[in-house]
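Visitor: Handing you this structure, nothing more for now.
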Amino acid sequence: MTQMRVFVTGGAGFIGSHVARELLAAGHAVTVFDNLSTGHRQQVPRDAAFIKGDLKQDQRLETALAGHDIVIHLAALVPVPVSVLRPVDFTENNVVNTVRLLEAMRRAGVRRIVFSSSATVYGNPKRLPLREDEPVALPSNPYGASKLAAEGFIAVYHSLHGFDATILRYFNPYGPNELCEPETHVVPNIIRAALNDLPIPVFWQGEQVRDYIYVEDLARAHGSVLNLTGLNYFNVGSEKGVKVKEVLQAVTDILGHPLRIDDLGERAGDVPAIYASSERLRKATGWQAKVSLEEGLERTVVFFRGLKAGV
Ligand SMILES: NC(=O)c1ccc[n+]([C@@H]2O[C@H](COP(=O)([O-])OP(=O)(O)OC[C@H]3O[C@@H](n4cnc5c(N)ncnc54)[C@H](O)[C@@H]3O)[C@@H](O)[C@H]2O)c1
């Protein structure tokens, strides 16, 4: 693969930090652009250039973009429950700032983008595994609406301005560096509570099925699509449906002691089961997930243990 100059928005965050590391390991040059609102400077790999900047600074963004071959756009506000409380902030940062970025790219002559979207755009799936040719659904929260709207604007820049664009719809990423506040994701919540001997909140008695994709596998998917042209939509998942109670069991096995469960019953609006087919991505690039859930959880426990010990 030819070496590229890659501009990573949100590269100080959970997923972006792994994407930056993966690209550097593959020999690409990486610039991380991040306002550190939820990201962490120390998570940016040393060999990446770092610019502390905000996407709303149009001129600064345009100047910083010059000379890059491609943008990987991860910067966004993420926790779904927060989006319900702050819909305007989510629209400004996830939609308007995406359009700002696209405009700055057009002016700077950078016409290739990879975008972090989410399986949430599919809503409650009618068929499983969820294939990449399934239609998107009406969004049920502002975060989902913001991802769908951003996907729409990227399609506009493909058709109006000839951008090459790849939309990656992530399923449930997990792994080291996930330091979100408030934490709303299952894996870090289970591990953090378990390590502190706190009760773990569990809905639906752990019967919900999700597709947990280890973050290094997810990061590798970004590297695999850099050369694609046109407008592409891919699912990035492990392609395995796993119950929350199976995650609980795997973490119990790793820690070697029983976990304290706080049974919170049912929760309105939850999708009972969702997992991916990434067949289109596999066919286009040869990518597929490699890290087993057990291995990924072990590495994640090591990370959170280190954090607790102040390592
Ligand atoms: N974590 C998940 O479960 C998940 C699932 C599907 C999709 N995604 C998407 O993946 C992307 C990365 O998510 P994450 O979990 O790594 O979140 P994160 O909060 O760890 O990372 C987001 C990064 O973007 C930066 N940022 C936010 N707004 C910015 C702005 N205006 N200007 C510059 N930098 C800004 C933050 O400082 C942070 O470093 C997001 O687009 C998210 O919607 C995440």
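What the sequence shown shows, in the working numbering, is residues 1033 to 1343, in sequence order. Cβ atoms here follow ideal geometry from the backbone N, Cα and C, with glycine treated the same way.
Kindly confirm or deny that the region 1123–1140 and the region 1204–1217 touch, where touching means at least three C-beta pairs closer than 8 Å.
Guide: With a cut-off of 8 Å, the region 1204–1217 and the region 1123–1140 do not count as touching, because too few Cβ pairs lie within range.
Visitor: For S1178, name the three-state secondary structure that DSSP assigns.
Guide: The count along the sequence shown starts at 1 and reaches residue 1178 at position 146. Note: S1178 maps to helix in three-state DSSP.
Visitor: Please give me, in chain order, every unbroken run of the alpha helix (DSSP H) with length at least 4 that falls completely inside the region 1050–1120.
Guide: Runs of the alpha helix (DSSP H) inside the region 1050–1120: 1090–1097, 1112–1117.
Visitor: May I ask you to report which of helix, strand or coil DSSP gives T1261?
Guide: Reading the sequence shown from its first residue, position 229 is the one you call residue 1261. It is coil, neither helix nor strand.
Visitor: Would you kindly work out how many angstroms separate the C-alpha atoms of Y1154 and A1182, rounded to a whole number?
Guide: Numbered from 1 along the sequence shown, position 122 holds the residue referred to as residue 1154. Numbered from 1 along the sequence shown, position 150 holds the residue referred to as residue 1182. Rounded to the nearest angstrom, the two C-alpha atoms are 15 Å apart.
Visitor: Should T1242 go down as buried or exposed, given a rule of 16 or more other Cβ atoms within 10 Å for buried?
Guide: Here residue 1242 is taken as the residue at index 210 of the sequence shown, counted from 1. Going by the sequence as given, residue 1242 is Arg instead of Thr. Label assigned to R1242: buried.
Visitor: Any heavy atom of ligand 1 closer than 7 Å to the Cβ of P1205?
Guide: Start at 1 with the first residue of the sequence shown, and residue 1205 comes out as number 173. Because some heavy atom of ligand 1 lies under 7 Å away, the Cβ of P1205 counts as near it: yes.
Visitor: For the alpha helix (DSSP H) containing P1220, name the first residue and the last one.
Guide: As a position in the sequence shown, residue 1220 is number 188, starting the count at 1. It spans 1218–1227 - the alpha helix (DSSP H) in which P1220 sits, taken as one unbroken run.
Visitor: List, from N- to C-terminal side, the alpha helix (DSSP H) runs of 4 residues or more that fit wholly inside the region 1243–1324.
Guide: DSSP runs (the alpha helix (DSSP H)) wholly in the region 1243–1324: 1247–1256, 1276–1287, 1311–1317.
Visitor: Within 7 Å: the Cβ of I1104 and any heavy atom of ligand 1?
Guide: Taking the sequence shown and counting its residues from 1, one reaches residue 1104 at position 72. No, Cβ of I1104 sits at least 7 Å from all heavy atoms of ligand 1.
Visitor: Can you tell me which of V1112, T1216, L1056 puts its alpha carbon nearest to the alpha carbon of M1036?
Guide: Locating residue 1036 in the sequence shown gives position 4, where the first residue counts as 1. Ranking the options by Cα distance to M1036, first place goes to L1056.
Visitor: Would you be able to state if there are at least three C-beta pairs under 8 Å between the region 1067–1083 and the region 1139–1157?
Guide: Touching, no.
Visitor: Per DSSP, D1196 forms a beta bridge with which residues?
Guide: The residue given as residue 1196 occupies position 164 in the sequence shown. Its beta-bridge partners are R1144.
Visitor: Could you tell me the boundaries of the beta strand (DSSP E) in which Y1206 lies?
Guide: As a position in the sequence shown, residue 1206 is number 174, starting the count at 1. Where Y1206 is concerned, the enclosing beta strand (DSSP E) stretches over 1204–1206.
Visitor: Considering only DSSP beta bridges, list what P1233 is partnered with.
Guide: Residue mapping note: residue 1233 aligns to position 201 of the sequence shown, counting from 1. Answer by DSSP bridge pairing, in chain order: D1294.
Visitor: If the criterion is Cβ atoms closer than 8 Å, does the pair G1099 and G1071 meet it?
Guide: Position 67 of the sequence shown, counted from the first residue, corresponds to residue 1099. Position 39 of the sequence shown, counted from the first residue, corresponds to residue 1071. Against a cut-off of 8 Å, the Cβ pair of G1071 and G1099 comes out as no contact.
Visitor: Taking the beta strand (DSSP E) that T1123 falls in, what are its first and last residues?
Guide: By 1-based counting over the sequence shown, the position of residue 1123 is 91. That residue, T1123, is in no beta strand (DSSP E); it is neither H nor E in DSSP.
Visitor: Inspect the beta-carbon positions of I1245 and V1268 and report whether they are closer than 8 Å.
Guide: On the sequence shown, position 213 is the one that residue 1245 refers to. On the sequence shown, position 236 is the one that residue 1268 refers to. Yes, the pair counts as a contact, with Cβ atoms nearer than the cut-off.
Visitor: Taking the alpha-carbon of V1234 as reference, which of D1294, L1068, V1051, T1261 has the nearest alpha-carbon?
Guide: Translated into positions along the sequence shown, residue 1234 becomes position 202. If we check each option's Cα against that of V1234, D1294 comes out closest.
Visitor: Can you have a look at S1150 and say buried or exposed, based on whether 16 or more other CB atoms are within 10 angstroms of its CB?
Guide: For the purposes of this step, residue 1150 is taken as the residue at position 118 of the sequence shown. S1150 should be labelled buried.
Visitor: Answer yes or no: do L1250 and I1047 have a C-beta to C-beta separation smaller than 8 Å?
Guide: Mapped onto the sequence shown, residue 1250 falls at position 218. Mapped onto the sequence shown, residue 1047 falls at position 15. Cβ atoms of L1250 and I1047: closer than 8 Å.
Visitor: Going by CA-CA distance only, name the one from G1288, G1238, R1138, E1054 that's closest to H1193.
Guide: Numbered from 1 along the sequence shown, position 161 holds the residue referred to as residue 1193. Nearest option by C-alpha distance: R1138.
Visitor: State yes or no: is the C-beta of E1248 within less than 8 Å of the C-beta of G1207?
Guide: Walking along the sequence shown from the start, residue 1248 turns up at place 216. Walking along the sequence shown from the start, residue 1207 turns up at place 175. Yes; because the gap between Cβ atoms is below 8 Å, this pair is in contact.
Visitor: For the beta strand (DSSP E) holding R1037, just list the boundary residues, first then last.
Guide: As a first step, residue 1037 is located in the sequence shown; it is residue number 5 there, counting from the start. Run containing R1037: 1037–1041, per the beta strand (DSSP E) assignment.
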